[in-house]
Amino acid sequence: MRFAAIADVHGNYLALEAVRADIRAQGIGEIVNLGDMASGPLDARRTMDALMALDAVHVLGNHDRWLIDRPVEKMGSWERPAYAQLDTMHLDWLRTVPSTQIFRDRVFLCHATPADDNVYWLETVTPDGSVKMSSLEAIEKEAEGISQSLILCAHTHIARAVRLGDGRLVVNPGSVGGPGFSYSVPFPHVIEAGTPDARYAILEFSDASWRVAFRHVPYDHDAMAALARRNGDAEFASALSTGWINV
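First residue of the sequence shown? That's 1 in full-length UniProt numbering, and the numbers climb one at a time after it.
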């Protein structure tokens with residue numbers, strides 16, 4: 001069993017295109033998408049068209065939910081520009097996507113944690129704004145009740161794999177389209193990938209255990225950074241340009 005996991009595309013069509021090409025080059029036919037598909041100051045319409053046409057298993061992210069569960073005047077700064085590009089068919093399709101799924105009986109899929117689509121799982125933010133790895137105890141607590149041997153999550157845009165004490169593996173594939181952002185919950189902090197590459201993961205079940213390979217894929221990130229800048233988001237433009245936020 002071998003498949004690719006993508007997440008956090010955030011309207012970055014060129015990054016998605018590059019990742020899909022790399023997945024094909026690896027000879028992989030199955031894909032799971034862990035959500036946060038369109039929101040951001042980029043190309044929501046083309047991204048949603050591509051994802052809706054993709055033969056993949058999808059789960060809904062918090063930014064996806066915010067596009068469909070509230071009026072536009074209550075949307076955030078990443079939802080409003082995406083919403084303006086989307087048609088009813090895109091939003092209706094998002095309404096059909098579940099918050100969690102089981103893939104081929106062996107893999108549990110969620111966006112952030114199994115119980116909450118807007119809580120960090122493998123990372124913890126301290127009151128001073130530092131981002132560090134969560135404790136094994138805290139990670140295992142969120143995994144209670146999940147019988148699958150592989151658990152996939154996303155949300156933080158940080159590629160990471162954690163082996164639980166009972167042998168289960170929790171993996172965040174990193175972000176296809178967003179190498180950095182700032183956020184105020186639970187405390188103000190910054191996430192930075194350090195490079196502008198698109199990220200995804202290849203998962204393989206072999207010899208009775210899971211193996212993960214994290215892929216970093218170059219693409220024309222400068223074009224996407226220029227688009228973010230034209231659309232008035234200097235912070236996201238900086239992250240797309242360098243993998244760092246320098247504004």
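Backbone N, C-alpha and C define an ideal beta-carbon position, used for all residues, glycine too.
Treat the numbers as computed from the prediction; the structure is a model and nothing was measured.
Determine the contact status of residue i and residue j, defining contact as a CB-CB distance below 7 angstroms.
{"i": "residue 59", "j": "residue 35", "result": "yes"}
{"i": "residue 159", "j": "residue 111", "result": "no"}
{"i": "residue 203", "j": "residue 3", "result": "yes"}
{"i": "residue 12", "j": "residue 243", "result": "no"}
{"i": "residue 39", "j": "residue 73", "result": "no"}
{"i": "residue 101", "j": "residue 57", "result": "yes"}
{"i": "residue 44", "j": "residue 86", "result": "yes"}
What number of angstroms, rounded off, separates the C-alpha of residue i from the C-alpha of residue j?
{"i": "residue 55", "j": "residue 122", "result": "28 angstroms"}
{"i": "residue 221", "j": "residue 200", "result": "16 angstroms"}
{"i": "residue 15", "j": "residue 96", "result": "25 angstroms"}
{"i": "residue 52", "j": "residue 46", "result": "10 angstroms"}
{"i": "residue 132", "j": "residue 183", "result": "15 angstroms"}
{"i": "residue 103", "j": "residue 168", "result": "15 angstroms"}
{"i": "residue 6", "j": "residue 227", "result": "22 angstroms"}
{"i": "residue 172", "j": "residue 32", "result": "12 angstroms"}
{"i": "residue 217", "j": "residue 245", "result": "20 angstroms"}
{"i": "residue 28", "j": "residue 166", "result": "29 angstroms"}
{"i": "residue 114", "j": "residue 10", "result": "21 angstroms"}
{"i": "residue 88", "j": "residue 48", "result": "12 angstroms"}
{"i": "residue 210", "j": "residue 108", "result": "13 angstroms"}
{"i": "residue 23", "j": "residue 212", "result": "14 angstroms"}
{"i": "residue 196", "j": "residue 224", "result": "10 angstroms"}
{"i": "residue 21", "j": "residue 99", "result": "27 angstroms"}
{"i": "residue 193", "j": "residue 208", "result": "32 angstroms"}
{"i": "residue 30", "j": "residue 84", "result": "31 angstroms"}
Leaving out five residues before and five after residue i in sequence, what residues of the same chain have Cβ atoms less than 6 angstroms from its Cβ?
{"i": "residue 170", "result": "151 and 162"}
{"i": "residue 214", "result": "159 and 201"}
{"i": "residue 119", "result": "112 and 113"}
Leaving out five residues on either side along the sequence, give the residues of the same chain with a beta carbon under 8 angstroms from the beta carbon of residue i.
{"i": "residue 106", "result": "1, 148, 149, 150 and 205"}
{"i": "residue 139", "result": "121, 122, 162, 164 and 170"}
{"i": "residue 135", "result": "124"}
{"i": "residue 66", "result": "39, 75, 76 and 79"}
{"i": "residue 231", "result": "41, 42 and 81"}
{"i": "residue 130", "result": "189"}
{"i": "residue 137", "result": "none"}
Could you round the C-beta distance between residue i and residue j to whole angstroms and report it? I think they count as a contact, below 8 angstroms.
{"i": "residue 191", "j": "residue 174", "result": "Actually they are not in contact, since the Cβ atoms of residue 191 and residue 174 sit about 11 angstroms apart, beyond 8 angstroms."}
{"i": "residue 41", "j": "residue 233", "result": "4 angstroms"}
{"i": "residue 8", "j": "residue 157", "result": "5 angstroms"}
{"i": "residue 61", "j": "residue 117", "result": "6 angstroms"}
Excluding the 5 residues preceding and the 5 following residue i in the sequence, name in chain order all residues of the same chain whose CB lies nearer than 7 angstroms to its CB.
{"i": "residue 219", "result": "14, 15, 18 and 198"}
{"i": "residue 68", "result": "91, 94 and 95"}
{"i": "residue 229", "result": "237"}
{"i": "residue 82", "result": "11, 38, 39, 40, 44 and 67"}
Open item on the list: Across the region 74-93 and the region 137-146, are there enough close Cβ pairs to call them in contact, namely three or more that are closer than 8 angstroms?
Closed with: No, because fewer than three Cβ pairs between the region 74-93 and the region 137-146 fall closer than 8 angstroms, the two stretches do not touch.
Open item on the list: For the region 121-128 against the region 172-191, do three or more pairs of beta-carbon atoms, one drawn from each stretch, fall closer than 8 angstroms, so that the two count as touching?
Closed with: Two segments are said to touch when three or more pairs of C-beta atoms, one from each, lie closer than 8 angstroms; by this definition the region 121-128 touches the region 172-191.
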